[in-house]
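Each step along the sequence shown adds one to the number in numbering that gives the first Met the number 0, with nothing skipped, and position 4 is 3. As structure tokens, the structure follows; a few thoughts come after it.
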Amino acid sequence: MQGLEKVLAIELDLSIKHVNECDWKNKEFYADYVAQTFYYVRHSTRLLALCASRLNYEQEQQLHLRFIKHLGEESNHEKLALNDLKHLGYSIDDFKEHNTTRIFYEPQYYKIEHEKPLALMGYVLYLEALAKYVCPPLTQIITELHGNRTASFLQVHGEEDPAHVEQALKMIMSLDDANLAIIEKNIIQSSYAYNQMISELKIKWNNAHYKKSA
Numbered sequence: 000m001q002g003l004e005k006v007l008a009i010e011l012d013l014s015i016k017h018v019n020e021c022d023w024k025n026k027e028f029y030a031d032y033v034a035q036t037f038y039y040v041r042h043s044t045r046l047l048a049l050c051a052s053r054l055n056y057e058q059e060q061q062l063h064l065r066f067i068k069h070l071g072e073e074s075n076h077e078k079l080a081l082n083d084l085k086h087l088g089y090s091i092d093d094f095k096e097h098n099t100t101r102i103f104y105e106p107q108y109y110k111i112e113h114e115k116p117l118a119l120m121g122y123v124l125y126l127e128a129l130a131k132y133v134c135p136p137l138t139q140i141i142t143e144l145h146g147n148r149t150a151s152f153l154q155v156h157g158e159e160d161p162a163h164v165e166q167a168l169k170m171i172m173s174l175d176d177a178n179l180a181i182i183e184k185n186i187i188q189s190s191y192a193y194n195q196m197i198s199e200l201k202i203k204w205n206n207a208h209y210k211k212s213a
């Protein structure tokens, strides 16, 4: 378990660096970031439901019930992102889903179905731990730059996810070595994919800026 927490800390440091390097002053960049957030967050309840359905009654009923509870906690969070887009002056139709966004969440379906259902905890823990550290300061930055009603997704996850992280770690501590290994692997993969998603956003809007300046 200590190894997993060490891996998580290393991956979070890398992702926090990527986030801190973003041009949050650029409203179009931030709006696209919110749109990509919508595209992957709308799968959260589906992934949790799929995972819960694959946990057996005999040994994993308590885990099954925990995932069902978590599913309820995550319901309609994608609408927060849509609300932020609206107050930024955009619609989700203004932004296509990026390839790197799909690369971020799509493998989770495979892992649940073909590896181990609890592999999803690597993705969940990574995202919630990242939100714990990134969302509170980023909420302040965004509201100062773009207005008080443009960061509801960040604000909610900055407030709720610290408790979710503690709950997730407590749950993971009860798992066997095989599950711990696959969760750790998924933390690393999810971090890499998220960083690529952020990098694509940076490249896209840096190029757009240079084209406007030319």
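Just so it is clear, CB atoms sit at the ideal spot from N, CA and C, and this is done for glycine as well.
Where do the N-terminal and C-terminal ends of the alpha helix (DSSP H) with residue i fall, by residue?
{"i": "Leu137", "result": "119-145"}
{"i": "Gly88", "result": "Counting along the chain, Gly88 falls outside any alpha helix (DSSP H), and DSSP gives it neither H nor E."}
{"i": "Ala150", "result": "Careful: Ala150 lies outside any alpha helix (DSSP H) and carries neither H nor E."}
{"i": "Glu10", "result": "1-19"}
{"i": "Lys115", "result": "Per DSSP, Lys115 belongs to no alpha helix (DSSP H) and is neither H nor E."}
Can you tell me whether residue i is helix, strand or coil according to DSSP?
{"i": "Ser212", "result": "Residue placement at Ser212 cannot be trusted, given a pLDDT of 48 that sits under 50; what the coordinates show is reported in the next sentence. Three-state DSSP puts Ser212 in a helix."}
{"i": "Ser52", "result": "helix"}
{"i": "Ser74", "result": "coil"}
{"i": "Lys95", "result": "coil"}
{"i": "Arg101", "result": "helix"}
{"i": "Met172", "result": "coil"}
{"i": "Arg65", "result": "helix"}
{"i": "His42", "result": "coil"}
{"i": "Trp204", "result": "helix"}
{"i": "Asn194", "result": "helix"}
{"i": "Gly22", "result": "One point to set straight first is that residue 22 is Asp, not Gly, in the sequence displayed. Asp22: coil per DSSP, three-state reduction."}
Residue i: which of the options sits nearest, CA to CA?
{"i": "Leu117", "options": "Tyr191, Ser189, Ala51", "result": "Ala51"}
{"i": "Leu129", "options": "Lys85, Pro106, Ser189", "result": "Ser189"}
{"i": "Asn75", "options": "Leu179, Glu183, Val155, Asn185", "result": "Val155"}
{"i": "Leu126", "options": "Ala8, Phe28, Glu199", "result": "Ala8"}
{"i": "Val33", "options": "Leu174, Tyr122, Cys134", "result": "Cys134"}
{"i": "Gln107", "options": "Leu47, Leu87, Ile67, His86", "result": "Leu47"}
{"i": "His113", "options": "Asn206, Leu49, Tyr29, Ser43", "result": "Leu49"}
{"i": "His145", "options": "Gly88, Gln61, Leu81", "result": "Gly88"}
{"i": "Ser43", "options": "Glu105, Lys26, His63", "result": "Glu105"}
{"i": "Ile171", "options": "Arg45, Leu62, Arg53, Leu81", "result": "Leu62"}
{"i": "Gly71", "options": "Leu54, Arg45, Asp83, Gln60", "result": "Arg45"}
{"i": "Asn178", "options": "Met120, Ser198, Ile197, Arg148", "result": "Met120"}
{"i": "Glu27", "options": "Tyr56, Gly2, Asp93", "result": "Asp93"}
{"i": "Asn98", "options": "Glu165, Val18, Ile187, Tyr38", "result": "Tyr38"}
Could you tell me the distance, in whole angstroms, from the CA atom of residue i to the CA atom of residue j?
{"i": "Thr36", "j": "Leu168", "result": "24 Å"}
{"i": "Asp12", "j": "Glu4", "result": "12 Å"}
{"i": "Glu159", "j": "Leu137", "result": "15 Å"}
{"i": "Ser212", "j": "Glu183", "result": "Because the pLDDT at Ser212 is just 48, under 50, the model does not fix this residue reliably, and the point stays unresolved."}
{"i": "Met150", "j": "Tyr109", "result": "The sequence as given places Ala at residue 150; Met does not occur at that position. Cα to Cα, Ala150 sits roughly 32 Å from Tyr109."}
{"i": "Tyr132", "j": "Ile140", "result": "14 Å"}
{"i": "Lys85", "j": "Ile91", "result": "9 Å"}
{"i": "Leu200", "j": "Thr100", "result": "10 Å"}
{"i": "Ile15", "j": "Asn206", "result": "23 Å"}
{"i": "His214", "j": "Ala192", "result": "As displayed, the chain neither begins before 0 nor continues past 213, which places residue 214 out of reach and without an answer."}
{"i": "Arg263", "j": "Glu77", "result": "Lying before the first or after the last residue shown, residue 263 is absent from the chain, which here runs from 0 to 213."}
{"i": "Leu79", "j": "Phe152", "result": "5 Å"}
{"i": "Ile197", "j": "Ala180", "result": "26 Å"}
{"i": "Tyr122", "j": "Glu143", "result": "30 Å"}
{"i": "Lys95", "j": "Tyr29", "result": "14 Å"}
{"i": "Lys24", "j": "Ile202", "result": "15 Å"}
{"i": "Leu81", "j": "Asn147", "result": "15 Å"}
{"i": "Ile187", "j": "Lys115", "result": "16 Å"}
State yes or no: is the beta carbon of residue i nearer than 8 Å to at least one beta carbon in chain B?
{"i": "Ile102", "result": "Among the chains in the structure shown there is no chain B, since it carries only a single protein chain."}
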